[in-house]
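**Q** Numbering (our numbering), first residue to last: 99 to 402.
1. Compare the Cα-Cα distances from residue 185 to each of 166, 395, 177, 171 and report the closest residue.
2. Measuring straight from C-alpha to C-alpha, what distance separates residue 149 and residue 246?
3. How is residue 207 classed by DSSP in three states: helix, strand or coil?
4. Please state the DSSP three-state secondary structure of residue 352.
5. Mind reading off the beta-carbon distance from residue 333 to residue 288? Whole number of angstroms is fine, and I expect it under 8 Å.
6. Tell whether a beta-carbon distance below 8 Å holds between residue 214 and residue 264.
7. Between the segment 317 to 325 and the segment 268 to 282, are three or more C-beta pairs nearer than 8 Å?
8. Determine the extent of the alpha helix (DSSP H) in which residue 366 is found, giving its start and end residues.
9. DSSP on residue 173, reduced to helix/strand/coil?
10. Does the Cβ of residue 188 have 16 or more other Cβ atoms within 10 Å, making it buried, or fewer, making it exposed?
11. Do three or more CB pairs link the segment 197 to 204 to the segment 234 to 241 at distances below 8 Å?
12. Enumerate, from N- to C-terminal direction, the unbroken alpha helix (DSSP H) stretches of 4 or more residues contained entirely within the segment 190 to 269.
13. Can you say whether residue 395 is buried or exposed, counting buried as having 16 or more other CB atoms within 10 angstroms of its CB?
14. May I ask you to report which of helix, strand or coil DSSP gives residue 400?
15. In whole angstroms, give me the CA-to-CA distance for residue 378 and residue 350.
16. Less than 8 Å between the beta carbons of residue 344 and residue 386, yes or no?
17. Run the CB neighbour count on residue 308, radius 10 Å, all protein chains shown included, and call it buried at 16 or more, exposed below.
18. Quick one, which of 175, 317, 330, 306 has its alpha-carbon nearest residue 336's?
19. Quick check on this structure: which residue in 216, 238, 211, 217 has the alpha carbon closest to the alpha carbon of residue 225?
20. Taking C-beta to C-beta, are residue 180 and residue 154 nearer than 8 Å?
21. Just curious, the alpha helix (DSSP H) that residue 294 is in, first and last residue?
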């Protein structure tokens, strides 16, 4: 009987070894010792990224886990595709644990605003919220103020997604322009030329020995300077040479008085006097009155 008992012990040992080998090879995710002790199996969370909902659920259940689904609009994922999962792929859980899966209920869309004529800063927040990227192109415009939308693509009312191209063309305002040359023009002509160029004109009179009264001397800023449209431009117009006091020619002979008056640039207008001319009785305006070159001065003579 002793040999029989020995064989029995060997058989039991072989069975135990085979059972252990079977446990170890049964699953890489199974803790053999835990299984023997009645503990739950440990399994890895599968990678669900981009899978369709049915496939994702099947993979979770095949791993011995439970899927808990949530749905939300997505910026990029099509309807029914997995957007995210929790826990992340590769996490080891007890068999029967829950995996939260966020599934896209469709790509988020936002309606294009009616932006033309509006400040660009006021029409883009809705696009920002929907993560819709847009391009702002600036162009100069004589008619549209800086920062105002001139055109848009797509047009107002079209529903767009984060994948769409959106462009706003926005005014940078009028281009700067050179101040025109107006020296030598009349005051009216100079003002017209500056206004036509888009400048706000202010006129200032200045005495000038060389430029006759009423003629433009120049501008400030000077001609050729590049300035913003509607900026203030000073048109400097000659008021003629400086005024000077009329000399006192009373008692002078006509020849003497005429020479003195012409020396300061005024024009004598002689009245009265006899055949010999006589002497100056008075002038109009009176002596010491400020007069300018080119003015007419009345010279009254005593009878001869």
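Ideal Cβ positions, reconstructed from N, Cα and C, are used throughout, including at glycine.
**A** So, from the listed chains and residues:
1. 166
2. 44 Å
3. coil
4. helix
5. 5 Å
6. no
7. yes
8. It is not in any alpha helix (DSSP H) - residue 366 instead sits in the beta strand (DSSP E) that spans 365 to 370.
9. coil
10. exposed
11. no
12. 223 to 227
13. buried
14. coil
15. 6 Å
16. yes
17. exposed
18. 306
19. 211
20. yes
21. 285 to 294
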